[in-house]
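In this note's numbering, the protein residues as written are 25 to 192.
All residues carry an ideal CB built from backbone N, CA and C; glycine is no exception.
Everything on this sheet refers to the single structure shown next.
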């Protein structure tokens, strides 16, 4: 009996084709600056939750696709302080999947954050696919994005210095 349970567990573990989870390396402030298009401090003023439906090909049956439901959450921030990028409005929408193993972020209403964001035109959570959409700003757990009360003033000052050097 024990052998059959162990064998079943072994087969289940090693029969999985692809497993994706969030895995990030710690990055420096300079790296975060260089790999971000728009960096700012801001407060979440609105959250729009929705779903996106996407299809992924079967890894075992040619021509067969599976439909998956993906979170698409739009966090509207009131920009308090712009550090990098061009401010087009006092508000910016950051789109992400909302967390879990896909590296998305989730922000609470009225919370304040330092946001390292990037512009992308890939569909939310389309890691290894080329599903192009209209460009939008996003962030993820692998950026240096964090709650403002956990951000050192020295990090913001360093970002401002990098931005000044970058404009020369």
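Nearest-angstrom Cα separation, counted from residue j out to residue i
| i | j | result |
| --- | --- | --- |
| residue 89 | residue 82 | 5 Å |
| residue 187 | residue 174 | 22 Å |
| residue 161 | residue 136 | 17 Å |
| residue 54 | residue 76 | 34 Å |
| residue 84 | residue 61 | 39 Å |
| residue 177 | residue 159 | 31 Å |
| residue 59 | residue 87 | 37 Å |
| residue 67 | residue 190 | 26 Å |
Spatial neighbours of residue i in its chain, beta-carbon cut-off 7 Å, leaving aside the 5 residues before and after
| i | result |
| --- | --- |
| residue 105 | 64 and 65 |
| residue 123 | 129 and 130 |
| residue 71 | 97, 99 and 133 |
Short Cβ contact (8 Å threshold) for residue i with residue j
| i | j | result |
| --- | --- | --- |
| residue 138 | residue 172 | yes |
| residue 102 | residue 69 | yes |
| residue 128 | residue 164 | yes |
| residue 193 | residue 168 | There is no way to answer for residue 193, as the model of the chain reaches only from 25 to 192. |
Local Cβ density within 10 Å of residue i, reported as buried at 16 or more and exposed below that
| i | result |
| --- | --- |
| residue 56 | buried |
| residue 121 | buried |
| residue 185 | exposed |
| residue 113 | exposed |
| residue 91 | exposed |
Close Cβ partners of residue i (< 6 Å) along its chain, the five nearest in sequence each way excluded
| i | result |
| --- | --- |
| residue 182 | 53 |
| residue 74 | 96 |
| residue 144 | 162 |
| residue 117 | 98 and 100 |
| residue 180 | none |
Near the ligand MN: residue i beta-carbon under 7 Å from a heavy atom
| i | result |
| --- | --- |
| residue 182 | No copy of the ligand MN appears in this structure; indeed no ligand is present at all. |
Check your understanding: Touch check for the region 45 to 57 and the region 94 to 103: three-plus C-beta pairs under 8 Å?
Key -> Judged by Cβ distances under 8 Å, the region 45 to 57 makes no contact with the region 94 to 103, as fewer than three pairs qualify.
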